[in-house]
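Asker: All residue numbers for the sequence shown refer to UniProt numbering, where the first residue is 10 and numbers rise by one. We put the CB at the ideal spot given by N, CA and C, even for glycine. Please read these numbers as outputs of a predicted model, since none were measured by experiment.
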Amino acid sequence: TRVVLLGPPGAGKGTQANAIASRLEVPHISTGDIFRRAIEEGSDLGLVARAHMVSGELVPDGITMTMVSRRLGEEDASKGFLLDGFPRNVDQARYLDETLRRSGDVVELVLELHVPAEDIVRRLSGRRMCGQCGRSWHVEFNPTRVEGICDTCAGSLHQREDDHQDSVRRRLELHERETAPLAGYYQDKGVLSRVDAVGTVEVVSERVLAVLIAHS
Ligand code: AP5
Ligand code: ZN
């Protein structure tokens, strides 16, 4: 299955992605995670990406698209994938359609996580990321058993560099302007499913799974 996960920053895309990807047995491909890994490794891609990401700007399309098509060409993505954070604007969506069309494939399902703006700010300000496995936790809404230590891998937690106020404001602006229009783009293609993402992580997971079951 070829699925795209849409939703504003902090909607819970990364949090829900693990459950969805393992249910569908497809790789979870997050452009944000790929960029953060590149930054950590200190590669050229990481240097360029970081320059845009810290202030909440988008990484230029050319770089992002090349990276995604390379990733989609890998063996594990041939039967399906869960894209998280890509596409992020209409040009990227058209590029994705074009890339898939060459192998006779299409995006089959787009899950849009819907969360009001006030919740987003609370989710992002309390988010803590694991430096080792990249999982995100929340000091209040999704705490780890031991403060500052990842439940999954025992890595230590830190705050994301782009989760401070100014970057968050910019990310939300760009989401409204560039990414939100994708819901209409996919609705016109008849593949959009909207999920209410307010509620606990478990409740939202159940709603997401219900959509996946209805779709399969
Ligand atoms: P990216 O990593 O994609 O960031 P984002 O879209 O801003 O999304 P987030 O990771 O912030 O949120 P999420 O929805 O995954 O939420 P999470 O599950 O962590 O991109 C980062 C940057 O990379 C971009 O700004 C851009 O610069 C660049 N980039 C990436 N892709 C690009 C592209 N295609 N083109 C150009 N540039 C690109 O949850 C958030 C918090 O809420 C966590 O603390 C979590 O524990 C908590 N939480 C989750 N669910 C719930 C719940 N139900 N109730 C309460 N709390 C919850
Ligand atoms: Zn971890």
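What do you reckon, is the C-beta of arginine 144 under 7 Å from a heavy atom of the ligand ZN?
Answerer: Taking the first residue of the sequence shown as 1, we reach residue 144 at position 135. Answer for arginine 144: yes, Cβ within range of the ligand ZN.
Asker: In or out: arginine 110 buried (at least 16 other Cβ within 10 Å) or exposed?
Answerer: Numbered from 1 along the sequence shown, position 101 holds the residue referred to as residue 110. Arginine 110 should be labelled exposed.
Asker: Among Ser31, Pro125, Gly16 and Gly65, whose alpha-carbon lies nearest the alpha-carbon of aspartate 175?
Answerer: The sequence position of residue 175 within the sequence shown is 166, counting from 1. The shortest C-alpha separation from aspartate 175 is found at Gly65.
Asker: Determine the closest residue to leucine 33 out of Leu191, Gly23 and Thr10, with distance taken between C-alpha atoms.
Answerer: As a working mapping, residue 33 is identified with position 24 in the sequence shown. For leucine 33, the nearest C-alpha among the options comes from Thr10.
Asker: For glutamate 127, count neighbouring C-beta atoms within 10 Å of its own C-beta (all shown protein chains included) and say buried if the count is 16 or more, exposed if not.
Answerer: Residue 127 sits at position 118 when you count from the first residue of the sequence shown. Per the 10 Å Cβ criterion, exposed.
Asker: Just mark leucine 92 as buried or exposed, buried being the case when its beta carbon has 16 or more other beta carbons within 10 Å.
Answerer: If you number the sequence shown from 1, residue 92 lands on position 83. Leucine 92 is buried by the Cβ-count criterion.
Asker: For the region 40-125, list the beta strand (DSSP E) runs that are entirely contained and at least 3 residues long, ordered along the chain.
Answerer: Within the region 40-125, the complete beta strand (DSSP E) runs of at least 3 residues are 90-93 and 118-123.
Asker: May I ask which residues mark the beginning and end of the beta strand (DSSP E) holding serine 145?
Answerer: Against the sequence shown, residue 145 aligns to sequence position 136. Note, serine 145: beta strand (DSSP E), 145-147.
Asker: Please tell me whether, using a cut-off of 7 Å, the distance from the CB of arginine 101 to the nearest non-hydrogen atom of the ligand AP5 is below it.
Answerer: Position 92 of the sequence shown, counted from the first residue, corresponds to residue 101. The question names arginine, but residue 101 in the sequence shown is glutamine. Yes - the ligand AP5 has a heavy atom lying nearer than 7 Å to the Cβ of glutamine 101.
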